[in-house]
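Visitor: Residue numbers (my numbering): 323 to 461.
Just dropping this structure here.
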Amino acid sequence: KIRVILLSPRGEQFTQTKAKELTKYDQLIFIAGRYEGVDERVAEFVDETISIGDYVLNGGELGAMVITETVSRLLPGVLGKDESSQEESFSDDDSVEYPHYTRPEVFVTEDGKELKVPEVLLSGHHAEIKKWRKSQRKN
């Protein structure tokens, strides 16, 4: 299955939901205009028109790359674990994922301020961690 996509500010806004829809195709073909876009008659030969946002670029190449990366990471085998793409921003709704922390547990700034990993994340209490993560999501 092949899908031909015209990149244009006049298109449907690209979302994570659209990315999921595009995973069902074997091949995506992008028509990426340059500067003022492409001749409007080209739209007669595409399956859909997509915009990656409410701003203007010099060309559609970056838009094609954005869509390609977003769609490809949803395909089996692209990420280390397929589950990696299931619990993240926009994976199941319009929510933005909870904050992430790494080591060290305490980061000291130049002025001596200590920035700490939240205690609940260090507790090992999986139910409490899950509750914290849910409370930190932004809708």
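Idealized CB from N, CA, C, for every residue including glycine.
(1) To the nearest whole angstrom, what separates the beta carbons of A386 and L329, a pair I think is in contact under 8 Å?
(2) Output yes or no for whether 7 Å exceeds the beta carbon distance between Y420 and R455.
(3) Which word fits A449, buried or exposed, when buried means at least 16 other C-beta atoms lie within 10 angstroms of its C-beta?
(4) In this structure, does DSSP put I389 in helix, strand or coil?
(5) What's the gap between the Cα of L379 and the Cα of E334?
(6) What are the residues that DSSP puts in a beta bridge with T371?
(7) What span of residues does the beta strand (DSSP E) with L480 cover, start to end?
(8) What does the alpha-carbon distance come out to for the pair V368 and Q349?
Guide: To lay it out plainly:
(1) Contact flag correct, Cβ pair sits at about 6 Å.
(2) At a Cβ-Cβ threshold of 7 Å, Y420 and R455 count as neighbours.
(3) Exposed: under 16 other Cβ atoms inside 10 Å.
(4) I389 sits in a helix when the DSSP states are folded into three classes.
(5) Distance between the alpha carbons of L379 and E334: 16 Å.
(6) In DSSP, T371 forms a bridge with L328.
(7) A query on residue 480 cannot be resolved here, the shown segment of the chain reaching from 323 to 461 and no further.
(8) Rounded to the nearest angstrom, the two C-alpha atoms are 14 Å apart.
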